[in-house]
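> In our numbering, each residue carries its 1-based index in the sequence shown increased by 3.
We put the CB at the ideal spot given by N, CA and C, even for glycine.
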Amino acid sequence: MDRLTPEERKENMRRIRDRNSRPELIVRQMLFRQGYRYRINYKKLPGKPDIVFPGRKLAIFVHGCFWHLHPECAEGRVPSSNVEYWRHKLQRNVERDQQNLIQLREMGWRTEVIWECETKKPLRLEARLQTIFQEIALKSEKVAEKQANYELPSS
Numbered sequence: 004m005d006r007l008t009p010e011e012r013k014e015n016m017r018r019i020r021d022r023n024s025r026p027e028l029i030v031r032q033m034l035f036r037q038g039y040r041y042r043i044n045y046k047k048l049p050g051k052p053d054i055v056f057p058g059r060k061l062a063i064f065v066h067g068c069f070w071h072l073h074p075e076c077a078e079g080r081v082p083s084s085n086v087e088y089w090r091h092k093l094q095r096n097v098e099r100d101q102q103n104l105i106q107l108r109e110m111g112w113r114t115e116v117i118w119e120c121e122t123k124k125p126l127r128l129e130a131r132l133q134t135i136f137q138e139i140a141l142k143s144e145k146v147a148e149k150q151a152n153y154e155l156p157s158s
């Protein structure tokens with residue numbers, strides 16, 4: 004049973020934004036403070052990732068736990084009112100997310116999903132972001148090393 008009137012529920016739903024959400028802003032501010040520069044809502048890629056580093060081929064999605072059914076979070080569940088409507092709507096979001104991630108990986112992009120609940124633990128989130136960029140740096144070093152060690156065949 005919904006505790007809100009239909010008018011109150013409609014007003015709540017109207018205020019929900021698809022970009023510049025509080026969790027997304029938290030991640031962006033943290034990245035900016037660490038010195039990273041990025042593109043936002045990059046329309047050239049499947050799913051319009053929230054944060055994109057084109058030179059690093061890294062796409063980051065900041066997902067709301069409710070809207071994307073985060074399996075490890077209490078918020079990631081279907082509401083008890085109007086169950087069929089919500090189950091279909093939220094499951095469709097999850098399927099679309101999976102398709103976008105698959106497409107991006109097939110295009111050679113690294114993808115990361117940061118959940119809304121992760122933004123509530125700033126130290127852990129900061130450590131995770133640092134790990135992501137350290138892994139990218141290590142991969143870049145390995146590629147550069149392979150290229151430096153590559154010998155052209157003698158003619």
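Comparing C-alpha positions only, which one of N44, L61, I63 and P82 sits nearest to F69?
Minimum Cα distance to F69 is reached at P82.
> Rank L132, C76 and L48 by C-alpha distance to the C-alpha of R108 and give the top, closest one.
The shortest C-alpha separation from R108 is found at L48.
> So who's on the other strand from R95, going by DSSP bridges?
None; R95 has no bridge partner.
> Could you give the residue range of the beta strand (DSSP E) that holds F56?
Counting along the chain, the beta strand (DSSP E) containing F56 begins and ends at I54 to F56.
> May I ask which residues mark the beginning and end of the beta strand (DSSP E) holding V65?
L61 to H66 is the span of the beta strand (DSSP E), which, as asked, contains V65.
> Could you round the C-beta distance between V30 and V55 to whole angstroms and report it? I think they count as a contact, below 8 Å.
Not confirmed; about 12 Å, so no contact.
> Inspect the beta-carbon positions of E119 and P26 and report whether they are closer than 7 Å.
Yes, these two residues count as a Cβ contact at 7 Å.
> Kindly indicate which three-state DSSP category R113 falls into: helix, strand or coil?
Looking at R113 - three-state DSSP - the assignment turns out to be strand.
> Taking V30 as part of the alpha helix (DSSP H), name the residues at either end of that continuous run.
Start and end: R25 to R36.
> Can you tell me whether DSSP reads R40 as helix, strand or coil?
The answer is coil: DSSP assigns R40 none of H, G, I, E or B.
> Between the Cα of Q133 and the Cα atoms of R36, Q150 and Q102, which residue gives the shortest distance?
Among R36, Q150 and Q102, the Cα nearest to that of Q133 belongs to R36.
> Out of A151, K145 and K124, point me to the one whose CA is closest to M33's CA.
Selected option, being the one with the closest Cα: K124.
> Thinking just about the alpha-carbon of each residue, which of A140, V97 and A62 is nearest to the one in G79?
Ranking A140, V97 and A62 by Cα distance to G79 puts V97 first.
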